[in-house]
Structures are given as C-alpha cells and as structure tokens.
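> The structure follows.
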Amino acid sequence: MRFNERLKAIRKECGMTQREVYSKLNISPNGYASYEQGRTEPSIDTLVKLCQIFDVSADVLLGLKD
C-alpha cells in the first residue's frame, strides 16, 4: 500500500473527515487532498503532526509496521 492510500485508510479508521485533518494541520484543503491523492508528500514536520492527530507511529503511517 502506498503512503497516500495508507493515509486515507488511517484517517477513515479514525472516523475523521479531510476537513478535520487539514484544519488541525492548519493547511489548505487542496494541500491535504494532494497528500491523499499521491500528488505530494508531507514534510517531516507535517508527518509528525499527522502521527499525533491519528495517534499512530511514523512506522505505521509510512508502512514500515502494521
């Protein structure tokens, strides 16, 4: 599974909308949507914030662990 697919799956497992996530990240809707569409990847700082929002490790978000 690619990063963008994993990101979307984890967001849905957490019962969150894209709006909730991009609001917590303080980025634009298009900015977040581009992560889930695989057009761009988040910075390290944003990756850390995503881990905190979803309460998962970076290993899980990056697909290094289940």
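Taking this note's numbering, the leading residue of the sequence shown gets 30, the next gets one more, and so forth. Glycine included, C-beta positions come from ideal geometry on N, C-alpha and C. All figures in this text were calculated on a predicted structure; none of them were measured in a lab.
Does DSSP classify Cys43 as helix, strand or coil?
Reading the sequence shown from its first residue, position 14 is the one you call residue 43. Coil.
> Could you tell me which of Ile39, Lys78, Glu42 sits nearest to Ile56, measuring between CA atoms?
Walking along the sequence shown from the start, residue 56 turns up at place 27. Ranking Ile39, Lys78, Glu42 by Cα distance to Ile56 puts Lys78 first.
> Tell me where the alpha helix (DSSP H) around Ile56 begins and ends.
If you number the sequence shown from 1, residue 56 lands on position 27. Here Ile56 belongs to no alpha helix (DSSP H), and DSSP marks it neither H nor E.
> Near Asp95, which residues of its chain fall below 8 Å by C-beta distance, leaving aside the five closest residues on each side in sequence?
As a working mapping, residue 95 is identified with position 66 in the sequence shown. These residues qualify, in order along the chain: Val89.
> Take Thr46 and list the residues in its own chain whose beta-carbon comes closer than 6 Å to its own, dropping the five residues that flank it on each side.
Your numbering for residue 46 matches position 17 in the sequence shown. There are no such residues.
> So, for Lys53: in the same chain, excluding its five sequence neighbours on each side, which residues have a beta-carbon less than 6 Å away from its beta-carbon?
Along the sequence shown, one-based indexing puts residue 53 at 24. Around Lys53: Ile82.
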